[in-house]
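Under this note's numbering, the sequence shown has 199 at position 201, and the numbering climbs by one with no breaks.
Below is one structure; the comments refer to it alone.
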Amino acid sequence: MSEPAVPAGPWYRQLHWQIFLGMGLGLAAGLVGGTAVADRVGWLGTLFVRLLKMIIIPLVITSIITGVASVGGGRSLGRLFSKTLGFYLLSSALAVLTGLAVLNVIQPGVGAEIAGAHSGELPELQTANSVTELLLNMVPLNVIDAAAKPDMLGVIFFCILFGVAIAGLPENPREKLLGLFDAAFQAMMTLTSGIIRLAPIGVFALIARVAGTSGLDAFRALGLYMISIALGLAIHMGITLPVLLRVLGGISPRVHFRNMVNPLTMAFSTSSSAATLPVTLRAVHERVGVSNRVSSFVLPMGATVNMDGTALYECGGVLFIAQVLGVDLSISQQFVVVVTALLASIGAAAVPSAGLVVIFLVLESVNLRGPEVDVIVGAMLAIDRPLDMCRTATNVFSDSCGAAIIARSEGEAGVDAA
-1 MSEPAVPAGP WYRQLHWQIF LGMGLGLAAG LVGGTAVADR VGWLGTLFVR LLKMIIIPLV
59 ITSIITGVAS VGGGRSLGRL FSKTLGFYLL SSALAVLTGL AVLNVIQPGV GAEIAGAHSG
119 ELPELQTANS VTELLLNMVP LNVIDAAAKP DMLGVIFFCI LFGVAIAGLP ENPREKLLGL
179 FDAAFQAMMT LTSGIIRLAP IGVFALIARV AGTSGLDAFR ALGLYMISIA LGLAIHMGIT
239 LPVLLRVLGG ISPRVHFRNM VNPLTMAFST SSSAATLPVT LRAVHERVGV SNRVSSFVLP
299 MGATVNMDGT ALYECGGVLF IAQVLGVDLS ISQQFVVVVT ALLASIGAAA VPSAGLVVIF
359 LVLESVNLRG PEVDVIVGAM LAIDRPLDMC RTATNVFSDS CGAAIIARSE GEAGVDAA
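Structure follows, in structure tokens:
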């Protein structure tokens, strides 16, 4: 999910075109100037990545707590809430596993050279020895210490529980706490959006460093990585979600897709689930045939906590980085990545390239960090815009599938009637 839609204006004022321009200039500068240019401008890319890392903990804390708590705590919503959360967890988990499978098969990062990533000292990867140990590690002994390390699984787990606790409070304290965290969340969104506006400069410096030290070979790997993520998203949107529609709701995927053409087009073009939400609500109610009772609860909740495309992207991105570094993630380490990507996708805020910001959380879960990792993530930012558009369309389609399936389970007739 990305930034709210704004009037288009001149092309040179649009962020994605500025990022493309920064990428092109950085590529040219790196190829012409070589290591001299890479050394001279590299600090700008490092500064940009440090700014992104700076906002991770407060952004995720406020985003997850606000998102979980805002769904409400009334008993009458219990059944609807359980169905909605259950579907979103299922679809996100399937998306993560799809990304895992595609990246393991294609292996776009194997043998790639990106800014001397192999030359750095590789960190000692962390992993749980069993599922029981993983579950125990998710419960932090000290939340402040977990945020300082950072122990991202512990932080995310606490935030989800805290958000659920707020949702269950009486109206007066619930509204006060929700207002506090929502205000903090809005402030963090403003700060994050401001940092992302620096992306063209950061991309210029990072791409110049990559091109100056690695030449064009690095971009072959990035192109293959881009194709791999796009393929994973296509499988999830074109196969997995239609199967869920057919199996769980008895709904024709072709009919549902036809009814959702307008929201999907807007989601792809704006790269913003938040901006697409009004169009999605109207299409799901008027064309899909879902009642206001279901659509007005399921879709806003989905725009907050259901990020199939983002979860797939985070999982695939971590595997790509590990492959570039020459790190062979074990099955248990990949399981940690799956769990963290699934939970972290809940905290993907409505900011530009939110998935790229949140990917640092998943990297931390297996202790993948260091300057080499920062350079690779920065290079991934240069090709993030088209992937962000595909992720957003996938997120919106998953939300609509959830609304249709839940409406059918509630006994509503005429949903996606041919």
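Note that beta-carbon positions come from the ideal geometry of N, C-alpha and C, so glycine has one too.
Computed from a predicted structure; not experimentally measured.
With fewer than 16 other beta carbons inside 10 angstroms of its own, Glu284 counts as exposed. Distance from the Cα of Met299 is smallest, within the candidate group Val94, Ser61 and Leu310, for Ser61. If you draw a straight line from the Cα of Gly32 to the Cα of Ala203, it comes to about 13 Å. Counting along the chain, Lys174 sits inside the alpha helix (DSSP H) bounded by residues Glu169 to Ile194. The beta carbon of Val394 sits closer than 7 Å to the beta carbons of Pro261, Leu262, Ala265, Ser271, Thr274 and Thr278 from its chain, once the five residues preceding and following it are set aside; these are given in chain order. For Val371, the CB contacts under 7 Å within the same chain, skipping 5 residues up- and downstream, are Ile319 and Leu361 in chain order.
Taking every protein chain shown into account, the CB of Asn257 has 16 or more other CB atoms within 10 angstroms, so this residue is buried. Distances from the CA of Gly324 to each of Ser330, Leu366, Leu340 and Ala401 were compared; the closest alpha carbon is that of Leu366.
Nearest to Val162 by C-alpha distance, out of Gly221, Leu83, Leu222 and Leu239, is Leu83. The beta carbon of Val375 lies closer than 6 Å to none in the same chain, with the five residues before and after it left out. For Ala402, same chain residues with a beta-carbon under 8 Å away, outside a window of 5 residues either side, are Leu243, Gly247, Ile249, His254, Val282, Val286, Val288, Val413 and Asp414 in chain order. In the DSSP assignment, Gln321 falls within the alpha helix (DSSP H) that extends over Asp306 to Leu323. Straight through space, the alpha carbons of Thr96 and Leu327 are spaced by roughly 17 Å.
In the displayed model, Gln331 falls within a helix according to three-state DSSP. Separation of Ile55 and Ala145 (C-alpha to C-alpha, rounded to the nearest whole angstrom) is 7 Å. For Glu370, the enclosing alpha helix (DSSP H) stretches over residues Pro369 to Ala380.
Secondary structure of Asp149 (DSSP, three-state): coil. Between Thr390 and Gly307, the alpha-carbon positions lie close to 7 Å from each other. Inter-residue distance for Gln331 and Val316 is about 11 Å (C-alpha atoms, whole angstroms). In the three-state DSSP reduction, Gly247 falls in the helix class (H, G or I). Note on Ser80: under 16 other CB atoms within 10 angstroms of its CB, so exposed under the neighbour-count rule. Ile154 places its beta carbon 7 Å or farther from that of Ala67. Minimum Cα-Cα distance from Val364 among the listed residues Ser226, Asp149 and Leu379 corresponds to Asp149. Collapsing the DSSP output to three states places Pro138 in coil.
Apart from the 5 residues on each side of it in sequence, Ile357 sits with its Cβ closer than 6 Å to the Cβ of Glu312 and Gly315 in its chain, given in chain order.
A residue is called buried once 16 or more other Cβ atoms fall within 10 Å of its Cβ, and Gly230 is buried on that count. Cα atoms of Leu23 and Gly166: separation of roughly 52 Å, rounded to the nearest angstrom. Annotated three-state conformation of Asn365 is coil, per DSSP. In terms of Cβ geometry, Ser226 and Pro106 form a close pair [threshold 7 Å]. Collapsing the DSSP output to three states places Ile62 in a helix. DSSP, read as helix, strand or coil, puts Met21 in helix.
A straight-line Cα-Cα distance of about 18 Å links Glu173 and Phe295. By the neighbour-count definition (other C-beta atoms within 10 Å, threshold 16), Gly109 is an exposed residue. DSSP places Gln12 outside both helix and strand once states are collapsed to three, so it counts as coil.
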